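**Q**
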Amino acid sequence: MTAITRAEVAHLATLARLDLTETELDHYAQQLDVILQSVARVSEIATADIPATSHPLPLENVFRDDVALPCLDRSEVLAAAPAHEDDRFKVPRILDEEH
Amino acid sequence: MSTAMPETIPYDEALNLFEPVFGLEVHVEMGTNSKMFCPCPTAFGGEPNTQVCPVCLGLPGSMPVVNRTAVESTIRIGLALNCTIAEWCRFARKNYFYPDMPKDYQISQYDEPLCSNGYLDVTVATAEGPKVVRVEIERVHMEEDTGKLTHTGGATGRIHGADYSLVDYNRAGIPLIEIVTKPVAGAGHLVADVAKAYVAELRDLMRALEVSDVRMEEGSLRCDVNLSLNKPGSPMGTRSETKNVNSLRSVERAVRSEVERQSALLTAGGRVVQETRHFHEDIGRSTSGRSKEQAEDYRYFPEPDLVPIAPSPAWIDELRATLPELPSAKRSRLEAKWGITPFELATVVNAGALDLVEETIAAGVESAAARKWWTGELLRTANDQGIELADLPVTPAQIARVEALVADGSLNDKLARQVFEGIIAGEGDVDEVIASRGLAVVSDDTSLLAAIDEALLAQPDVADKIRSGKVQAAGAIVGAVMKSTRGQADAAKVRALLLDRLGVTEA
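What follows is the structure in structure tokens.
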């Protein structure tokens, strides 16, 4: 019984925009399966009285006051971008990527 | 196709055949000073990319911190919508690739919304009088707004055919509240009215709570409309989701057009495709967007960069105590107090004049006069200037002063309008404008009679008509006198003096 199928890995790759070869798919499906099976052993130990953890620190309600502070300088911000135009970030056409 | 099927069936006819079910997802931008997870300002209309920082640009190593006021606003909205407030909840990461979010994910809430299971009662007008419909609320959750895309190249400025897109991240990270209804069935022919009334009520509620300025034209309240049709007695049909519905009128039109389109499809033996449709304000219709045959996979997981929110009962009680009188209660109270109909009150509400009229009445002005100024002359001026009524430099106290001067005969209606014109033009307070513009009703008989004689001489034929008993001709002379006194005479008084002068009595 595998923890993850090759088809599921292919689907995840598509969602993550990763272009994997057939060989890579085989390879990663195998590796992920080992990882997931190992993690699954933790679930065998964790019983109903142990809540799932999503954060390592036992903190709640960490907030900041609603005060506006100065922002980055626009020329610096845009200088870090691959391309910009009219003070905006320039990105490739969107629909081609959206199948 | 050989036989042409109609593309739409008229709304009422369609609803004789099918039962509609609708649901609304409403996004409201909060009016906080700073963004949801970073201290960048949220002001609308700033120069592109000047309200950004490492957090809202998704730069590596930056960490979000939750805005307390945004959480408090969400809880207050939840309480006003009769929701249960979660004892403990988390943010979730919604993964998707689209350049409106530079992180390649949006921080939202998924299966643990802050507020859930509430309701909002809305009133719609029917032939049998007002009807109250309860709209059940599924959830109210927090998330962050996205950046603004401008599509460049191609003919239409739309995403189709664009060569590339430009992104402004000023809006990215502004606190956004999503309010989702449960499916609303049983509205029948009122479905479009109920949907519109719900959004209007929600807008008024946000204003009363002072959590958002809810300017739909600036996109601070946006709706997605879900609609399906089914045969009476059959299960719920397949729904479409119409996005981009950004005015009250469009909510109504989006529902109507989907009823008309889906009913034609179903009647012709076709099926409704589960899809996203885009509403176009200019044509009042939607067009098909992407198909939702495959459920979207956002790979939600608990946001690892933020800790859970666990509002204590004491905090919730504290917030409950800050809730204002809610719009529906306020409307009932004011209708009774001012002795006006729901329709008359709706005019005041739609003008955004409720508080102003209330304050003006409190300043001693009659209800009718207070409503007349704010929903008439002043509203026109505000609309002309493209600003909200409340932003006009006219105060309830000034209206009270002008009305007092009208009552004692020092001003007439026309002069009163000139006073407000002066105030709006920045010429000072009521009495300063009157003094500087020389506005006062001419009441001294000698000068009025001189003006009357002059007008009679100028129009001898009219004078003869009046003498021969055609009293209705007097209007021309009164008009001439009002003109020569630059509107500063009391028209009724001019008329009386004129008839007396010619020895004619009112018919």
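Respectively, the protein sequence lines represent chains B and G.
In terms of the UniProt record's numbering, the first sequence opens at residue 1 and continues consecutively.
In terms of the UniProt record's numbering, the second sequence opens at residue 1 and continues consecutively.
For every residue, glycine included, the Cβ atom is placed at its ideal position computed from N, Cα and C.
Just so we're clear, the structure is a prediction, and the values are computed from it rather than from any experiment.
Taking 8 Å as the CB-CB cut-off, is ARG6 of chain B touching chain G?
**A** Here residue 6 of chain B corresponds to residue number 6 of the first sequence, with the count starting at 1. Taking Cβ atoms only, chain G never reaches closer than 8 Å to ARG6 of chain B, which makes this a no.
**Q** Quick test of the definition: if touching needs 3 or more C-beta pairs under 8 Å, does the region 419-439 of chain G touch the region 391-399 of chain G?
**A** yes
**Q** In chain order, which continuous runs of the alpha helix (DSSP H) of length 4 or greater are located wholly inside the region 11-94 of chain G?
**A** 11-17, 68-80
**Q** Looking at ASN82 of chain G and the ligand FMN, is the gap between the Cβ and the nearest heavy atom below 7 Å?
**A** Because no ligand of any kind appears in the structure shown, any question about the ligand FMN cannot be addressed here.
**Q** Smallest Cα separation from GLN31 of chain B: which of B:ASN61, B:VAL67, B:ALA3, B:PRO82?
**A** Looking up residue 31 of chain B in the first sequence gives position 31. When only C-alpha atoms are compared, the closest one is B:ALA3.
**Q** Could you give the first and the last residue of the continuous alpha helix (DSSP H) run that contains PHE420 of chain G?
**A** Locating residue 420 of chain G in the second sequence gives position 420, where the first residue counts as 1. Here the alpha helix (DSSP H) through PHE420 of chain G covers 413-424.
**Q** Hey, out of G:SER108, G:ARG371, G:LEU456, G:GLU218, whose CA is closest to ARG501 of chain G's CA?
**A** Position 501 of the second sequence, counted from the start, is the residue given in the question as residue 501 of chain G. The residue with the shortest Cα to Cα distance from ARG501 of chain G is G:LEU456.
**Q** Looking at chain B, which residues of the region 22-45 of chain G have a Cβ within less than 8 Å of any of its Cβ atoms?
**A** THR32, ASN33, SER34, PRO39, CYS40, PRO41, THR42
**Q** Kindly indicate which three-state DSSP category residue 509 of chain G falls into: helix, strand or coil?
**A** In the structure as shown, chain G starts at 1 and stops at 507, and residue 509 of chain G therefore has no counterpart that could be examined.
**Q** Kindly say whether TYR164 of chain G, judged by its beta-carbon, lies nearer than 8 Å to any beta-carbon of chain B.
**A** In the second sequence, residue 164 of chain G corresponds to position 164, counting from 1. With its beta carbon less than 8 Å from one in chain B, TYR164 of chain G belongs to the interface.
**Q** Would you mind reading off the limits of the beta strand (DSSP E) that contains GLU138 of chain G?
**A** The count along the second sequence starts at 1 and reaches residue 138 of chain G at position 138. 129-144 is the extent of the beta strand (DSSP E) around GLU138 of chain G.
**Q** Would you call the region 79-97 of chain B and the region 162-171 of chain G in contact, with 3 or more CB pairs under 8 Å?
**A** Yes, the region 79-97 of chain B is in contact with the region 162-171 of chain G.
**Q** Measuring alpha carbon to alpha carbon, tell me which of G:GLY386, G:LEU190, G:VAL348, G:GLN385 ends up nearest ALA368 of chain G.
**A** As a first step, residue 368 of chain G must be located in the second sequence, where it is residue number 368. Closest in C-alpha terms to ALA368 of chain G, from the list G:GLY386, G:LEU190, G:VAL348, G:GLN385, comes G:VAL348.
**Q** Can you find a CB in chain B that lies within less than 8 Å of the CB of PRO302 of chain G?
**A** Translated into positions along the second sequence, residue 302 of chain G becomes position 302. Yes, its Cβ sits closer than 8 Å to a Cβ of chain B.
**Q** How long is the line joining the alpha carbons of GLU60 of chain B and ILE85 of chain G, rounded to whole angstroms?
**A** Locating residue 60 of chain B in the first sequence gives position 60, where the first residue counts as 1. Locating residue 85 of chain G in the second sequence gives position 85, where the first residue counts as 1. Their backbone Cα atoms lie some 16 Å apart in a straight line.
**Q** Output the residue ranges of the alpha helix (DSSP H) runs that lie fully inside the region 289-366 of chain G and measure 4 residues or longer, sorted by chain position.
**A** 313-320, 327-338, 342-350, 354-362
**Q** At which residues does the beta strand (DSSP E) containing ILE179 of chain G begin and terminate?
**A** Counted from its first residue, the second sequence places residue 179 of chain G at position 179. 175-181 is the extent of the beta strand (DSSP E) around ILE179 of chain G.
**Q** So what's ARG380 of chain G in DSSP terms, helix, strand or just coil?
**A** Here residue 380 of chain G refers to the residue found at position 380 when the second sequence is read from its first residue. The answer is helix: DSSP assigns ARG380 of chain G an H, G or I state.
**Q** CB-CB under 7 Å to LEU354 of chain G, same chain, minus the five flanking residues each way: which ones, in chain order?
**A** Locating residue 354 of chain G in the second sequence gives position 354, where the first residue counts as 1. Counting only Cβ-Cβ distances below 7 Å, and skipping sequence neighbours, we find VAL348.
**Q** Would you tell me roughly how many angstroms separate the C-alpha atoms of residue 553 of chain G and PRO99 of chain G, rounded to the nearest one?
**A** As displayed, chain G neither begins before 1 nor continues past 507, which places residue 553 of chain G out of reach and without an answer.
**Q** Measuring CA to CA, which of G:ALA480, G:SER447, G:ASP413 is closest to ALA463 of chain G?
**A** Reading the second sequence from its first residue, position 463 is the one you call residue 463 of chain G. Comparing Cα positions, the closest option is G:ALA480.
**Q** Can you tell me the Cα-Cα spacing of SER38 of chain B and ALA29 of chain B, whole angstroms?
**A** For the purposes of this step, residue 38 of chain B is taken as residue 38 along the first sequence, with counting starting at 1. For the purposes of this step, residue 29 of chain B is taken as residue 29 along the first sequence, with counting starting at 1. Distance between the alpha carbons of SER38 of chain B and ALA29 of chain B is about 14 Å.
**Q** So, does the region 19-39 of chain G touch the region 134-152 of chain G, judging by three or more C-beta pairs under 8 Å?
**A** yes
**Q** List, in chain order, every chain G residue whose beta-carbon is nearer than 8 Å to that of VAL39 of chain B.
**A** Start at 1 with the first residue of the first sequence, and residue 39 of chain B comes out as number 39. The premise fails here: VAL39 of chain B is roughly 14 Å from chain G at the closest Cβ pair, so nothing lies under 8 Å.
**Q** ALA195 of chain G and VAL140 of chain G - do their beta-carbons sit closer together than 8 Å?
**A** Residue numbering aside, residue 140 of chain G sits at position 140 when the second sequence is read from its first letter. Residue numbering aside, residue 195 of chain G sits at position 195 when the second sequence is read from its first letter. Result no, Cβ atoms of VAL140 of chain G and ALA195 of chain G do not sit closer than 8 Å.
**Q** For GLU144 of chain G, decide whether its Cβ has a neighbour in chain B, counting only Cβ atoms nearer than 8 Å.
**A** The sequence position of residue 144 of chain G within the second sequence is 144, counting from 1. It does not; no Cβ of chain B falls within 8 Å.
**Q** Counting C-beta neighbours from all protein chains within 10 Å, is the total for GLY422 of chain G 16 or more, i.e. buried, or is it exposed?
**A** Here the question's residue 422 of chain G lines up with position 422 in the second sequence. Taking a 10 Å sphere around the C-beta of GLY422 of chain G, we find 16 or more other C-beta atoms and assign the residue as buried.
**Q** Compare the C-alpha of GLY61 of chain G against each of G:LEU81, G:ARG93, G:LYS103 and name the closest.
**A** If you number the second sequence from 1, residue 61 of chain G lands on position 61. Selected option, being the one with the closest Cα: G:LYS103.
**Q** Is there a C-beta anywhere in chain G that falls below 8 Å from the one on ALA10 of chain B?
**A** In the first sequence, the residue the question calls residue 10 of chain B occupies position 10. No, no contact with chain G.
**Q** Suppose the cutoff is 8 Å on Cβ atoms and the five residues either side in sequence are ignored; what does the same chain contact list for TYR119 of chain G look like?
**A** Mapped onto the second sequence, residue 119 of chain G falls at position 119. Non-local C-beta neighbours of TYR119 of chain G in its own chain, meaning closer than 8 Å and more than five positions away in sequence, comprise LEU81, ASN82, ARG134, VAL135, GLU136, ILE137, ordered along the chain.
**Q** Which residues of the region 51-74 of chain B have a Cβ closer than 8 Å to any Cβ of chain G? Give them in chain order.
**A** SER54, HIS55, LEU57, LEU59, GLU60, ASN61, VAL62, PHE63, ARG64, ASP65, ASP66, VAL67, ALA68, LEU69, CYS71, LEU72, ARG74
**Q** Assuming LEU59 of chain G and TYR169 of chain G form a contact by the criterion Cβ under 8 Å, report the distance between their Cβ atoms to the nearest whole angstrom.
**A** Taking the second sequence and counting its residues from 1, the one referred to as residue 59 of chain G is at position 59. Taking the second sequence and counting its residues from 1, the one referred to as residue 169 of chain G is at position 169. Not confirmed; about 11 Å, so no contact.
**Q** Listing by chain order, which chain G residues have their CB less than 8 Å from the CB of LEU15 of chain B?
**A** Here residue 15 of chain B refers to the residue found at position 15 when the first sequence is read from its first residue. Those within 8 Å of LEU15 of chain B in chain G are ASN95, ASP297, ARG299.
**Q** With ARG277 of chain G as the anchor, note down where its alpha helix (DSSP H) starts and where it stops.
**A** Residue mapping note: residue 277 of chain G aligns to position 277 of the second sequence, counting from 1. Looking at the DSSP string, ARG277 of chain G is not in any alpha helix (DSSP H); the run it does join, the beta strand (DSSP E), is 275-280.
**Q** To which residues does DSSP link PHE89 of chain B through a beta bridge?
**A** For the purposes of this step, residue 89 of chain B is taken as residue 89 along the first sequence, with counting starting at 1. DSSP, once it has assigned bridges, lists B:HIS84, G:VAL167 as partnering PHE89 of chain B.
**Q** Roughly how many whole angstroms lie between the Cα atoms of GLY475 of chain G and GLN488 of chain G?
**A** Taking the first residue of the second sequence as 1, we reach residue 475 of chain G at position 475. Taking the first residue of the second sequence as 1, we reach residue 488 of chain G at position 488. Approximately 16 Å, taken between the alpha carbons.
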